[in-house]
Amino acid sequence: MKIALLTSPNQWFVPYIKKLQQLIPNSLVYYDHEQIRNYDIVFILSYHKIISKKFLKANKHNIVVHASNLPQGKGWAPLFHQVIEGKNEIVFTLFEADEKADNGDIYLQETLILNGLELYEELREKQANFTTKLCLDFLKKFHDITKTPQKGKESFYPKRTPKDHELDINKSINEQFNLLRISNNEEFPAFFYKNGKKFIIKIYLE
């Protein structure tokens, strides 16, 4: 089978998609969907552009892995939103992409168990490794796998911005620990304001 791996350039998932490429013989990595045509399977992983119907029709299977129990939790940063909600059991969904966001038929759903203490880097690593596992499972089961339509009421998570990492100085660290967990010390650190001054907080596991 001809297999392509698609992700956005210069972002956190790039090292992991290169590892996935090593695990899938003869697969190729792309950073722009316009360059991909006539593949049996395209794994679309952490890709941030809108994909047209024309592209989807140009390949047999367009596979997305989304870190929520679809149709619940469509949209942006579903893992981080659920961590903030206090969830430690995160359902990942592998599905066939269609023209609507996070809307296609489902092939696989499996649950990632968190311990509630992971910080940003570890959360990303677990997310990437679980995504890789689902992709490899899909390939192993490909000739026997079946898909089912999404059922139930859908919900959407909004896009997160650096402003969403503001701490409330009147709340305890324990109350805001999950927000600290998903803050990136360099790109979008946690912060708070005191007497009109902005203070940045960085968190590390000793």
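To convert, count from 1 in the sequence shown and add 46; that's my numbering.
Backbone N, C-alpha and C fix where the C-beta goes; we use that ideal spot for every residue, glycine too.
Cβ of residue i within 8 Å of Cβ of residue j?
i    : j    : result
K95  : H107 : no
V129 : T177 : no
I136 : L125 : yes
G121 : P204 : yes
Y76  : I70  : no
K193 : I152 : yes
N224 : K248 : no
Can you give the Cα-Cα distance for residue i and residue j, rounded to whole angstroms?
i    : j    : result
C181 : I215 : 42 Å
L44  : A113 : Residue 44 is absent from the model: the chain starts at 47 and stops at 252.
K254 : P117 : With the chain running from 47 to 252 in the structure shown, residue 254 is simply not present.
G242 : Y250 : 26 Å
I219 : P195 : 42 Å
L52  : A174 : 14 Å
K64  : E167 : 18 Å
K100 : E156 : 30 Å
F141 : I109 : 6 Å
N72  : F89  : 14 Å
Using 7 Å as the cut-off, classify the Cβ of residue i as near or not near the heavy atoms of the ligand GDP, replying yes or no.
i    : result
L213 : No copy of the ligand GDP occurs in the structure displayed, which carries no ligand at all.
Taking residue i as the reference, which of the options has the closest Cα?
i    : options                : result
E252 : L165, Q57, K186        : L165
I49  : N220, F184, F59, K248  : F184
E200 : E167, N161, N149       : N149
G132 : I247, N115, N161, F138 : N161
L158 : F138, K103, W58        : F138
V60  : S229, Y239, K240, R170 : R170
I134 : K172, A147, Y85, A143  : Checking the sequence shown, residue 134 turns out to be Asn, not Ile. The shortest Cα separation from N134 among K172, A147, Y85, A143 belongs to K172.
According to DSSP, which residues form a beta bridge with residue i?
i    : result
N108 : V88
Y203 : G121
V137 : T157
L52  : Y76, I90
Whether or not the stretch 199–214 and the stretch 229–241 are in contact is what I'm after, with contact meaning three or more pairs of Cβ atoms, one per stretch, closer than 8 Å; do they touch? yes
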